[in-house]
Ligand SMILES: [Zn+2]
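Residue numbers (my numbering): 213 to 857.
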């Protein structure tokens with residue numbers, strides 16, 4: 213059922229004559245955003261129009277979505293109505309919509325979302341699917357500057373089913389390892405899937421495409437980093453789901469009715485850059501208030517301890533970031549345990565973040581991974597992994613919460629300049645640890661969750677390089693993680709040291725105030741620092757050049773070998789046997805990388821899953837569970853060698 217128009221076409225008839233109804237005026241192309249505003253805190257409602265440079269809030273696109281999840285959970289339908297205004301100065305002959313879930317599966321030739329039909333409500337147009345991820349709306353006359361159109365699109369989709377055995381940290385580590393030899397990237401990381409009874413729906417609707425250099429982007433490009441929209445929009449949705457489901461979404465719940473065994477949930481979200489639905493019959497929820505904001509953690513019943521921990525971390529991180537960066541714009545924040553696979557640690561959406569299930573669950577010591585762990589020292593290795601897990605969970609959660617500022621409140625171009633939000637989110641997670649536990653703990657966890665990405669990359673023979681590059685330009689996932697997540701964050705440490713805390717944190721606030729509800733340029737942060745302290749301009753810009761454009765990673769971050777990395781992981785508790793065993797992994801991994809066979813080799817080991825990295829476009833090979841035969845052979849050889857030690 214579609215959302216009712218705020219302007220019934222026959223309303224005029226009641227005031228005039230019945231004849232007006234016989235020849236109704238064209239449906240209005242504008243909508244009333246007022247009913248969506250409860251999702252914003254009062255300060256944000258007030259600040260939004262001027263900050264976003266909008267005369268009216270209905271200049272933002274509105275996605276009005278009716279989403280129905282079929283019984284049996286594997287299929288869904290979307291009745292979408294999009295209200296779009298041409299905010300540019302030139303007429304637009306066409307409007308390009310993107311179904312990003314289909315872009316993510318390009319490599320396999322699969323399109324999980326099927327375009328059924330489309331039409332314009334506001335006038336004649338054609339709505340045509342140009343490729344699985346591209347839908348082109350072409351009105352009869354170009355859309356004039358300031359003019360709006362309403363288009364209706366019907367979609368049918370299906371959800372992947374993720375086997376429960378995959379959402380375990382060791383299984384995910386092995387999956388990443390098995391991808392080392394594969395070239396082509398694919399998969400959507402469980403973003404449009406059901407796993408462990410949790411339904412995850414992201415990138416499932418037709419979103420207004422990106423404008424790059426005055427043109428619509430149609431190309432899916434590389435698969436490193438986040439797909440999806442970077443621009444602000446308004447969303448209202450009606451979700452039709454089994455009544456037993458706990459539901460978490462971007463935006464707030466405006467109403468809920470239950471009939472028979474189904475529920476109908478009405479959702480509104482203002483000024484959001486994306487929209488996501490997470491739901492499940494067994495999800496449990498814990499809640500805490502942080503000032504005006506309600507923070508919720510949703511988790512599976514068996515993962516309650518971790519779910520409570522996530523709530524504590526998310527609430528503490530939000531409080532810390534509000535103090536450091538300024539107020540958070542939405543009235544609530546949901547953190548959801550999600551069946552993420554393919555190496556993704558977590559994914560950010562406005563007002564909602566997901567954290568991979570693998571961080572909530574104890575390591576499962578079966579299969580190839582269990583065998584390897586057994587050979588690496590059995591109980592000792594498991595214990596080390598068990599000790600690492602809470603710290604990893606904490607770091608990933610803080611990273612995802614930080615995205616509410618970096619890419620949420622302050623927008624950035626996640627395809628062309630992925631460092632802008634990712635490096636800041638990494639740095640912010642370390643800042644949260646510092647503010648909560650002190651500098652030493654922060655440094656230690658940053659070594660493990662940030663620096664190790666860079667050092668692992670170097671150890672596996674990949675060269676250093678500039679941080680500020682488009683996601684598609686990074687030749688493999690290892691370099692993307694190593695440089696964007698591993699090196700980029702340390703720019704902010706260097707700037708902080710150069711400027712001193714007082715100036716530096718004033719600049720952070722200025723950066724947020726300047727760019728909230730907009731898209732920050734790559735120089736935005738350093739510009740804010742220079743505005744705070746002009747005398748330091750040459751020094752700050754020099755540091756930005758050094759860290760973002762040049763290659764001094766080995767000098768700045770130090771080289772590492774397996775033993776020193778292990779030392780970091782184990783906190784100095786590794787036995788000599790285990791050290792020896794892990795040291796062998798380096799050359800073995802190197803061998804695997806070199807077997808790449810034409811395609812860009814890529815991937816990462818268990819410790820290299822980039823924490824909180826957004827949907828990491830790791831390559832295929834692990835999408836069906838086990839390692840591919842080549843990798844299995846190498847792993848068996850590895851196990852044999854380890855066994856003979
Ligand atoms: Zn991230």
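Yeah, the Cβ is synthetic: ideal placement off N, Cα and C, and Gly gets one too.
Tell me whether residue i sits in a helix, a strand or coil according to DSSP, three-state version.
i: residue 762; result: coil
i: residue 360; result: strand
i: residue 667; result: helix
i: residue 475; result: strand
i: residue 857; result: In this prediction, residue 857 has a pLDDT of 39, which is less than 50 and means its spatial position is unreliable; what the coordinates show is noted afterwards. Reduced to three states, the DSSP call for residue 857 is coil.
i: residue 454; result: strand
i: residue 726; result: helix
i: residue 607; result: helix
i: residue 556; result: coil
i: residue 423; result: strand
i: residue 266; result: coil
i: residue 340; result: strand
i: residue 737; result: helix
i: residue 465; result: strand
i: residue 382; result: helix
i: residue 225; result: Bear in mind that the predicted position of residue 225 carries a pLDDT of just 35, short of 50, making it too unreliable to give a figure here.
i: residue 678; result: coil
i: residue 721; result: helix
i: residue 821; result: Because the pLDDT at residue 821 is just 39, under 50, the model does not fix this residue reliably, and the point stays unresolved.
i: residue 430; result: coil
i: residue 594; result: helix
i: residue 833; result: Legend: pLDDT at residue 833 = 28, less than 50; position of this residue unreliable, no value from coordinates given.
i: residue 620; result: coil
i: residue 350; result: strand
i: residue 460; result: strand
i: residue 254; result: helix
i: residue 613; result: helix
i: residue 481; result: strand
i: residue 715; result: helix
If the criterion is Cβ atoms closer than 9 Å, does the pair residue i and residue j meet it?
i: residue 549; j: residue 522; result: yes
i: residue 683; j: residue 630; result: yes
i: residue 728; j: residue 263; result: yes
i: residue 442; j: residue 427; result: no
i: residue 400; j: residue 379; result: no
i: residue 482; j: residue 252; result: yes
i: residue 524; j: residue 500; result: yes
i: residue 659; j: residue 674; result: no
i: residue 404; j: residue 313; result: yes
i: residue 679; j: residue 564; result: no
i: residue 304; j: residue 354; result: yes
i: residue 558; j: residue 505; result: no
i: residue 644; j: residue 528; result: yes
i: residue 373; j: residue 333; result: no
i: residue 377; j: residue 296; result: no
i: residue 325; j: residue 368; result: yes
i: residue 530; j: residue 616; result: yes
i: residue 335; j: residue 352; result: yes
i: residue 291; j: residue 309; result: no
Per DSSP, what are the beta-bridge partners of residue i in this structure?
i: residue 274; result: 295, 446
i: residue 413; result: 404, 489
i: residue 288; result: 281, 369
i: residue 568; result: 550
i: residue 312; result: In the DSSP output, where bridge partners are listed per residue, residue 312 has none listed.
i: residue 355; result: 304
i: residue 545; result: 507
i: residue 377; result: DSSP output for residue 377 lists no bridge partner at all.
i: residue 327; result: 367
i: residue 561; result: 564
i: residue 742; result: Bridge partners of residue 742: none, in fact.
i: residue 731; result: 623
i: residue 333; result: Residue 333 pairs with nothing; no bridge assigned.
Determine, for residue i, whether the minimum Cβ-Cβ distance to residues of chain B falls below 9 Å.
i: residue 543; result: Judged by its chain identifiers, the structure shown contains no chain B, having just a single protein chain.
Any heavy atom of ligand 2 closer than 8 Å to the beta-carbon of residue i?
i: residue 292; result: For ligand 2, the structure offers nothing, since it holds only ligand 1.
Minimum length 3: unbroken beta strand (DSSP E) runs contained in the segment 494-524: 496-502, 505-511
Completely contained alpha helix (DSSP H) runs for the segment 622-658, where each covers 4 or more residues: 631-649, 651-658
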